[in-house]
Ligand code: 13P
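Structure follows, in structure tokens:
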């Protein structure tokens, strides 16, 4: 491997070092607005900064958080005291990352399906992000399960874009996080989720191979294999763990250093319990970790409520959630630990 390649492989490994995972704090402007609405906080630039500053300055969270994904605006922001947020992270040995896709848009000729955009001028944007301190990237593709979908057309279009994005990221000195998310919306069962996830990951790794992406310099961010939200029978954590690992073993090369799951609408507790169950199975060739957005922030957001007076209490909540997921990385989490923290 070249020095460049070795450095990226080491960055990938550092992000998913044992006990660590990723905080996804890269909500786009419309998404953070939605999150703030749940706590009746207006989405101003200053409120967004205060909230992200709270997360990033939580002391001790770096024991469990190896990387944070940022949105463009956040990478350009500084703390109230004028320190760039990216520097706050780097000084705490947390790798700053950046969401570089421009969102999922309607896929032409494919009713109800989406393709992620953002490849135009990506090389130039990456050059700037590198100067701003980011060292990994994220691109999210969305696959919807429904009547007669996903089509192969949709999966292939998204897989190819993920490959193009990943190749450019590596070229420009970033570890690409490859995120093909099979949504848990609908009423399909866990076996349908298994089949669609398997089909998607096959195409994704084919596309990465075709586009010469060095897998040891990448991370995968997939959905867990789950029963859909409205499915009448809900699979428990042991079944989720067994089927997710089986699906990944069928599709993901062992040279990928880490798999960082998205939470995708699971509750905080479900996301922790399921990750814990997977790490109890053991014997996987990759680090099995987290890259949670909602499942790391839901209770913290509530505890903060937009009030400066609540910042310390909210930091405690965030530290606790990060720690629970850090324990789930070793399969040593127990639900009773939730009570200990509350006491
Ligand atoms: P959730 O964990 O809330 O699904 O968010 C993770 C993410 O980054 C989605 O792109």
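In the numbering used here, the protein residues as written are -11 to 331. Idealized CB from N, CA, C, for every residue including glycine.
In this structure, ligand 1 has no non-hydrogen atom nearer than 7 Å to the beta-carbon of residue 276.
Annotation: residue 219 to residue 132 spans about 15 Å, alpha carbon to alpha carbon. Counting only the Cα atoms, residue 214 lies some 7 Å from residue 223. Shown here, residue 128 sits in a strand according to DSSP, grouped into three states.
Of the residues assessed, residue -8 falls on the exposed side of the cut-off, its CB having fewer than 16 other CB atoms within 10 angstroms.
With contacts defined as CB atoms closer than 8 Å, residue 230 and residue 184 fail to qualify as a contacting pair. Note on residue 329: under 16 other CB atoms within 10 angstroms of its CB, so exposed under the neighbour-count rule. Residue 260 has its alpha-carbon roughly 13 Å from the corresponding atom of residue 285.
Taken in chain order, the complete alpha helix (DSSP H) segments of 4 residues or longer contained in the stretch 61 to 106 are 73 to 79.
Secondary structure note for residue 117: it is in no beta strand (DSSP E), and the uninterrupted alpha helix (DSSP H) holding it is 110 to 119. Note on geometry: alpha-carbon atoms of residue 316 and residue 79 lie some 25 Å from one another. Per DSSP, residue 321 lies in no beta strand (DSSP E) and is assigned neither H nor E.
Under the DSSP assignment, residue 202 falls outside any alpha helix (DSSP H); it carries neither an H nor an E label.
Annotation for residue 24: the continuous alpha helix (DSSP H) segment containing it runs 17 to 25. Beta bridge pairing from DSSP links residue 169 with 130.
For ligand 1, a non-hydrogen atom lies closer than 7 Å to the CB of residue 283.
Take residue 318, set aside five residues on each side of it, and the residues of its chain with a beta-carbon closer than 7 Å to its own are 7 and 267, in chain order. From the listed residues 256, 272, 83 and 13, the smallest Cα separation to residue 242 is found for 272. Collapsing the DSSP output to three states places residue 208 in a strand. For residue 126 against residue 14, the beta-carbon gap comes to about 7 Å, under 8 Å, which counts as contact.
DSSP lists no beta-bridge partner residue for residue 38.
Every alpha helix (DSSP H) stretch that sits fully inside the stretch 249 to 288 and reaches 4 residues is listed by chain position as 256 to 269. In the DSSP assignment, residue 214 falls outside any beta strand (DSSP E) and carries neither an H nor an E. One Cα belongs to residue 39, the other to residue 294, and the distance between them is close to 8 Å.
Not a single heavy atom of ligand 1 lies less than 7 Å from the C-beta of residue 122. When beta bridges are read from the DSSP output, residue 164 appears opposite 125. Relative to ligand 1, the beta carbon of residue 280 is positioned inside 7 Å of a heavy atom. The nearest non-hydrogen atom of ligand 1 is 7 Å or more from the C-beta of residue 208. Residue 113 and residue 204 have their C-alpha atoms roughly 24 Å apart. Assignment of residue 56 by DSSP, reduced to helix, strand and coil, places it in the strand class. For the 8 Å CB-CB criterion, residue 143 and residue 111 do not form a contact. Secondary structure at residue 13: strand, using DSSP grouped into helix, strand and coil.
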